[in-house]
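Have a look at the structure below before the remarks.
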Amino acid sequence: MGLINPTDMDLMQVIDDTDQVLDAVLKFYEDHEEAEPQQIKSNEDRMFYL
């Protein structure tokens with residue numbers, strides 16, 4: 000029995016462009032906010048809580 004779940008591999012990405020990295024991080028948190036909504040309004044606020 001391994002420690003890594005096969006679905007965990009979906010969390011891994013290789014991104015070279017900094018704008019695409021930011022987009023991927025923000026999308027991850029937006030997708031998870033839907034499950035657990037928070038009161039974070041702006042992108043700057045989201046960056047603070049990363």
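FYI, in numbering that gives the first Met the number 0 the residues of the sequence shown are 0 to 49. Positions of the beta carbon are idealized from the N, C-alpha and C atoms, including for glycine. Quick caveat: nothing in here was measured; it's all calculated off a predicted structure.
Inter-residue spacing [alpha-carbon to alpha-carbon] between residue i and residue j
i: Met8; j: Asp18; result: 22 Å
i: Asp30; j: Asp16; result: 21 Å
i: Leu2; j: Val13; result: 21 Å
i: Val20; j: Met11; result: 12 Å
8 Å Cβ shell around residue i - same chain, five flanking residues per side excluded
i: Glu23; result: For clarity, residue 23 is Ala in the given sequence; the question names Glu instead. Counting only Cβ-Cβ distances below 8 Å, and skipping sequence neighbours, we find Gln12 and Ile14.
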